[in-house]
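K.L.:
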Amino acid sequence: MLKKRIIPCLDIRDGRTVKGIHFEQLRDAGDPVALAQLYVEQGADELVFLDITATVEKRKTLCSLVSRAARAIDIPFTVGGGISSVEDALQLIRSGADKISINSAAVLRPELITELAARLGSQCVVVAIDTRKIEGIDHVFIQGGRQATPLVTVDWARQAEAYGAGEILLTSMNKDGTGSGFDLAVTQEVSQAVSLPVIASGGAGSEEHFKTLFEATDTAAALAAGIFHFGRLSLPQLKAYLKTANIPVR
Amino acid sequence: MIAIVHYNAGNTRSVTNALERLGYEARVTDDPAQIQQAEKVILPGVGEAASAMHYLKEKGLDRLLPALDQPVLGICLGLQLMCRYSEEGDTSGMAIFNTEVKRFPPGGRVPHMGWNNLRQVSGALFAGIDPDADVYFVHSYYAACCAHTVARSDYLLPFSAALQHNNFYAVQFHPEKSAGTGAEILKNFLTL
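Line order of the protein sequences matches chains Z and W. Per the working numbering, the very first residue in the first sequence carries number 1; after that it's consecutive. Per the working numbering, the very first residue in the second sequence carries number 1001; after that it's consecutive.
1. How far does the beta strand (DSSP E) with Met1113(W) in it extend, from its first residue to its last?
2. Taking Cβ positions, are Leu62(Z) and Ala128(Z) nearer each other than 7 Å?
3. Can you find the residues in the same chain that come closer than 8 Å, C-beta to C-beta, to Ala216(Z), ignoring five residues on each side of it along the sequence?
4. Output the distance between the C-alpha atoms of Gly226(Z) and Ile1075(W), rounded to the nearest integer angstrom.
5. With a 10 Å radius around its C-beta and 16 neighbouring C-beta atoms as the bar for buried, classify Thr178(Z) as buried or exposed.
6. Determine which residues of the region 1113-1135 of chain W have a Cβ less than 7 Å from any Cβ of chain Z, and write them out in chain order.
7. At a Cβ threshold of 7 Å, is Ala34(Z) touching chain W?
8. With a threshold of 7 Å between beta-carbons, can Lys1187(W) be considered close to chain Z, or not?
9. For Leu233(Z), count the other beta carbons within 10 Å of its own beta carbon; 16 or more makes it buried, fewer makes it exposed. Which is it?
10. My guess is that Leu1156(W) and Gly1108(W) are in contact by the Cβ rule of under 8 Å, so how many angstroms apart are they, rounded?
11. When Cβ atoms are compared, which residues of the region 1154-1179 of chain W fall closer than 8 Å to chain Z?
12. Below 8 Å, how does it come out for the region 28-40 of chain Z and the region 1135-1152 of chain W: are there three or more Cβ pairs, yes or no?
13. Tell me whether Arg250(Z) sits in a helix, a strand or coil according to DSSP, three-state version.
14. At a Cβ threshold of 7 Å, is Lys3(Z) touching chain W?
15. Assign Tyr1007(W) to one of three DSSP states: helix, strand, or coil.
16. Under 7 Å between the Cβ atoms of Thr17(Z) and Pro32(Z)?
17. State the CB to CB distance for the pair Pro1198(W) and Leu1081(W), rounded to an integer number of angstroms; the pair is presumed to be in contact (CB under 8 Å).
18. Would Cys1083(W) pass as a contact of Val1101(W) if the rule is Cβ separation under 7 Å?
19. Using a Cβ-Cβ cutoff of less than 7 Å, which residues in the same chain neighbour Ala193(Z) once the five nearest sequence positions on both sides are dropped?
20. Can you check the region 49-109 of chain Z for any beta strand (DSSP E) of at least 3 residues that lies completely inside it and give the ranges in chain order?
21. Cβ of Phe1173(W) within 7 Å of Cβ of Phe1137(W)?
22. Could you check what DSSP says for Asn174(Z) in three-state terms: helix, strand or coil?
23. So Gly121(Z) contacts chain W; which residues on that side make the cut at Cβ distance below 8 Å?
24. Given this structure, state the Cα-to-Cα distance separating Ala34(Z) from Ala1179(W), to the nearest angstrom.
25. Given Ser95(Z), which residues of its chain have a CB within under 6 Å of its CB, disregarding the five upstream and five downstream residues?
26. Taking 7 Å as the CB-CB cut-off, is Arg1109(W) touching chain Z?
27. Please tell me whether Gly96(Z) has its Cβ less than 7 Å away from any Cβ of chain W.
28. Are the C-beta of Pro197(Z) and some C-beta of chain W separated by less than 7 Å?
29. Could you tell me which chain Z residues have their CB closer than 9 Å to the CB of Gly1021(W), listed as they occur along the chain?
30. Cβ closer than 7 Å: which chain Z residues qualify as neighbours of Val1138(W)?
31. Give the list of continuous alpha helix (DSSP H) stretches no shorter than 4 residues that lie fully inside the region 1056-1119 of chain W.
32. Please decide whether Arg250(Z) counts as near chain W, where near means a Cβ-Cβ distance under 7 Å.
33. Which residue from Ser180(Z), His229(Z) and Thr171(Z) puts its Cα closest to that of Thr219(Z)?
34. Thinking C-beta only, is Ser101(Z) closer than 7 Å to Val126(Z)?
35. By the criterion of Cβ-Cβ separation under 9 Å, what are the contact partners of Ala220(Z) in chain W?
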């Protein structure tokens, strides 16, 4: 049976992990590769590196980080943040990323999804969608969530699939950082609108939240950052809990 | 020397990295002489069947590879090209395995992406491997089960997770991305 994936996300700035993470097992908690390796050992199913600097100069730092990660890590990983051209994506894939994720650039020019899919294959192209409610209806936000768009989230997800996306990473801005659970309604709405795997993100605050997500929606995977980074929940703990709740996990 | 066949389809880097982690050096090449002389040959692949097959034909590798007598391992698209025929791009393959490659039926989420368990494993590739171990798949086409199937998996229907015929081995999943289990399977191949 296909397993539900648990995906820790690492925020990167200037080649270092952003949040003040403290793990006793790690000598250098700011090194994304060391943290990634720890997550792999603990049973992470995939990883996402999200670069929040993403200026041209910093790209080189990111590429060298990606190639170091690719040598060390033996599970798939996605790299996102500031990718706006096929050339950006190719550099990261050549450095060893398995998938790239695009967000604002795809909204501004959806043909980019098609170009990336043609060059790399759809399975490499994750379309990340930041969603937030405007008068009760989920809309797409871009530029790191700072800018609203007139796009309705579920419509955009359908379009992204038609343009050639291989996977949708859906982050609820209403839930992100709250620890109050995933946004089940929008996750299920998007999951049912597309036939691609959907990764739910934003709001994970306890092991129950993951269980509820997988019971109430068709989502293929759950992504979280803070809950793992700050040691509130460990991956082995979460996997064991989900197994006893009969959620298929690795 | 281990030859990783370059055929313009996807990422040879992750396979090279996986071999390096196991202490093996590999050469990425499309040169028939080097492939002929290699101790082991790996045909990796993420990509599209018709254009990949076209590239192999241009280099004469579509005839060289099936004639090799050292161990050969196809991965993902590599496995599919070693079959008789693929629906993807209406492509004739190298016919090492007597089976066809079809698209997953409508109604399920495609690609089949993520960790899924093996079942009914047999043969040298899976020595010491937990018989229902999870491995990482990413594919939209599958090889139907046949007499050469040495591991199955289920997604929408049962399909060949691995095939073997004489010195030819192939896996639909990505051992280079399947953590410890994948490393063990690669090691089994490398020590054949």
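Glycine included, every Cβ here is placed at the ideal spot set by N, Cα and C.
P.N.:
Taking the structure as given:
1. His1112 to Asn1117
2. no
3. Leu184 and Gln188
4. 35 Å
5. exposed
6. Flagged, chain order: Met1113, Gly1114, Trp1115, Asn1116, Asn1117 and Asp1134.
7. It does not: the Cβ of Ala34(Z) has no partner Cβ on chain W nearer than 7 Å.
8. no
9. buried
10. 4 Å
11. Asp1154, Tyr1155, His1174, Glu1176, Lys1177, Ser1178 and Ala1179
12. no
13. Here Arg250(Z) sits in coil by DSSP.
14. yes
15. In this structure, DSSP gives Tyr1007(W) a state outside helix and strand, which the three-state scheme calls coil.
16. yes
17. Any question about residue 1198(W) goes unanswered here, given that chain W covers just 1001 to 1192.
18. yes
19. Val154, Ala157 and Arg158
20. 77-80 and 99-102
21. Phe1173(W) is a Cβ neighbour of Phe1137(W), given a cutoff of 7 Å.
22. coil
23. From the beta-carbon of Gly121(Z), the residues of chain W found nearer than 8 Å are Gly1010, Val1046, Gly1047 and Glu1048.
24. 16 Å
25. Cys63, Val66 and Ser67
26. yes
27. yes
28. yes
29. For clarity, residue 1021(W) is Arg in the given sequence; the question names Gly instead. By Cβ distance, chain Z contributes Arg71, Ala72 and Asp74.
30. Gln123
31. 1061-1067 and 1077-1081
32. Yes, contact with chain W.
33. Cα-wise, what sits closest to Thr219(Z) is Thr171(Z).
34. yes
35. For Ala220(Z), the chain W residues whose Cβ falls inside 9 Å of its Cβ are Arg1109, Met1113 and Gly1114, in order along the chain.
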